[in-house]
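Colleague: Here you go, one structure.
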Amino acid sequence: MAAMNLVALHGYPLDRRMWDPLAERAAAGKLGPIASVFAPDLRGRGRSPHPAAATHAMSLLADDVARDLEAALPAGAPFLLAGLSMGGYVCFELIKRHGARFRGRLKGLALFDTKASADDDAGRAGRKAAIEAIRKDGIEAALTAMLPKLLARGSKGTPAEDLVRRMVLATPPETAMADLAGIAVRDEGFEVLSAWDRPLLVAVGEEDAIAPPADSEAMTAVAARAPWVRLLTVPRAGHMAPLEQPDEAGAGLVSLAEAALQA
Ligand code: MLT
Numbered sequence: 048m049a050a051m052n053l054v055a056l057h058g059y060p061l062d063r064r065m066w067d068p069l070a071e072r073a074a075a076g077k078l079g080p081i082a083s084v085f086a087p088d089l090r091g092r093g094r095s096p097h098p099a100a101a102t103h104a105m106s107l108l109a110d111d112v113a114r115d116l117e118a119a120l121p122a123g124a125p126f127l128l129a130g131l132s133m134g135g136y137v138c139f140e141l142i143k144r145h146g147a148r149f150r151g152r153l154k155g156l157a158l159f160d161t162k163a164s165a166d167d168d169a170g171r172a173g174r175k176a177a178i179e180a181i182r183k184d185g186i187e188a189a190l191t192a193m194l195p196k197l198l199a200r201g202s203k204g205t206p207a208e209d210l211v212r213r214m215v216l217a218t219p220p221e222t223a224m225a226d227l228a229g230i231a232v233r234d235e236g237f238e239v240l241s242a243w244d245r246p247l248l249v250a251v252g253e254e255d256a257i258a259p260p261a262d263s264e265a266m267t268a269v270a271a272r273a274p275w276v277r278l279l280t281v282p283r284a285g286h287m288a289p290l291e292q293p294d295e296a297g298a299g300l301v302s303l304a305e306a307a308l309q310a
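Shown next, in the form of structure tokens:
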């Protein structure tokens with residue numbers, strides 16, 4: 048079977064480790080055609096070579112990923128692009144800005160627990176308040192605000208919750224504030240999705256309180272040019288479906304990879 052790479056982008060205020068369960072499955076040969084996972088830390092955290100900026104515009108993060116994936120993947124290797132929440136917003140920008148360059152290699156798109164709408168005025172005001180809370184109280188303010196919303200009821204007290212806590216607390220406050228400033232001014236992604244002409248997986252935890260299933264339905268509804276579209280609602284998952292339920296998320300990715308290889 049032909050090998051496929053997965054480029055996977057994490058959400059806010061998290062890091063590459065949220066994709067570990069899927070990377071481990073791929074390394075063990077348990078993710079069908081997906082043989083390897085490239086999950087970079089986005090700018091300003093973990094192993095990223097890029098320092099934090101004042102504002103992490105989604106376009107800036109997309110440019111970083113486009114450059115880094117060229118270096119990380121074998122020349123010409125085909126890949127699927129996946130993003131969770133903020134990672135999904137970065138996917139839209141990557142396709143807009145670099146889609147033509149990756150045309151022959153980017154074979155499919157997976158959107159997890161994300162939305163294509165931009166922030167409205169109330170949303171932007173909420174981001175501003177969140178930035179001020181982090182400036183005042185440090186990254187613990189992000190943990191207090193986000194943790195109750197990130198996971199399904201059944202994920203409380205599990206290793207997934209422990210990892211989420213560690214990822215949030217490992218995020219430098221200036222990085223979290225720059226992410227929020229960039230998220231607040233992001234463009235909508237519906238235009239990218241209406242033009243998308245390759246296989247598309249849209250997956251969402253059924254208990255996602257941040258990007259609820261209705262947001263995923265809205266994204267699949269506009270993807271009229273995609274030759275294969277799957278909307279996957281993941282039971283017993285909140286906003287972190289690939290981490291909370293990696294078997295179900297992995298099965299969704301395998302179906303996307305198989306569709307991409309047949310397209
Ligand atoms: C994320 O998980 O990346 C954030 O919840 C995104 C957002 O708040 O819009």
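Counting in this note's numbering, the sequence shown runs from 48 upward without gaps.
The beta carbon of each residue, even a glycine, is placed where N, CA and C say it ideally should be.
#1: Output needed for VAL84: all residues of its chain with C-beta closer than 7 Å, excluding positions within five of it in sequence on either side, in chain order.
#2: Could you say if the stretch 245-256 and the stretch 269-279 meet the contact criterion of at least three C-beta pairs nearer than 8 Å?
#3: Is the number of C-beta pairs between the stretch 160-168 and the stretch 231-241 that are closer than 8 Å three or more?
#4: Could you give the DSSP three-state label for SER106: helix, strand or coil?
#5: Using the rule of at least 16 other Cβ atoms within 10 Å of the residue's Cβ for burial, across every protein chain shown, is GLN309 buried or exposed?
#6: Going along the chain, which unbroken runs of the alpha helix (DSSP H) with 4 or more residues stay wholly within the stretch 241-284?
#7: Going by DSSP, which residues form a beta bridge with PHE159?
#8: Beta-carbon within less than 8 Å of LEU107's beta-carbon, same chain only, minus the 5 sequence neighbours each way: which residues are those?
#9: Could you say which of ALA242, ARG213, ASP294 and GLY252 lies nearest to ASP62 if we only look at CA atoms?
#10: Secondary structure at PHE126, three-state DSSP: helix, strand or coil?
#11: Do the stretch 120-134 and the stretch 199-211 meet, that is, are 3 or more Cβ pairs less than 8 Å apart?
#12: Around the C-beta of GLY170, are 16 or more other C-beta atoms found within 10 angstroms, so that it is buried, or is it exposed?
#13: Any chance the CB of LYS162 is under 8 Å from a heavy atom of the ligand MLT?
Modeller: Per the coordinate set shown:
#1: Hits under 7 Å: LEU53, ALA55, TRP66, LEU69, ALA70 and ALA73.
#2: Because the criterion of three Cβ pairs below 8 Å is met, the stretch 245-256 and the stretch 269-279 touch.
#3: With a cut-off of 8 Å, the stretch 231-241 and the stretch 160-168 count as touching, because enough Cβ pairs lie within range.
#4: SER106: helix per DSSP, three-state reduction.
#5: Under this definition GLN309 is an exposed residue.
#6: Positions of the alpha helix (DSSP H) runs, each at least 4 residues long and wholly inside the stretch 241-284, are given as 260-269 in order along the chain.
#7: Paired residues: LEU131 and ALA250.
#8: Excluding positions up to five away in sequence, the list reads ARG90, ALA100 and GLY229.
#9: Nearest of ALA242, ARG213, ASP294 and GLY252 to ASP62, Cα basis: ARG213.
#10: Reduced to three states, the DSSP call for PHE126 is strand.
#11: Segment contact: the stretch 120-134 against the stretch 199-211, fewer than three CB-CB distances shorter than 8 Å; contact not assigned.
#12: It is exposed - the Cβ of GLY170 has fewer than 16 other Cβ atoms within 10 Å.
#13: Indeed, a heavy atom of the ligand MLT lies less than 8 Å from the Cβ.
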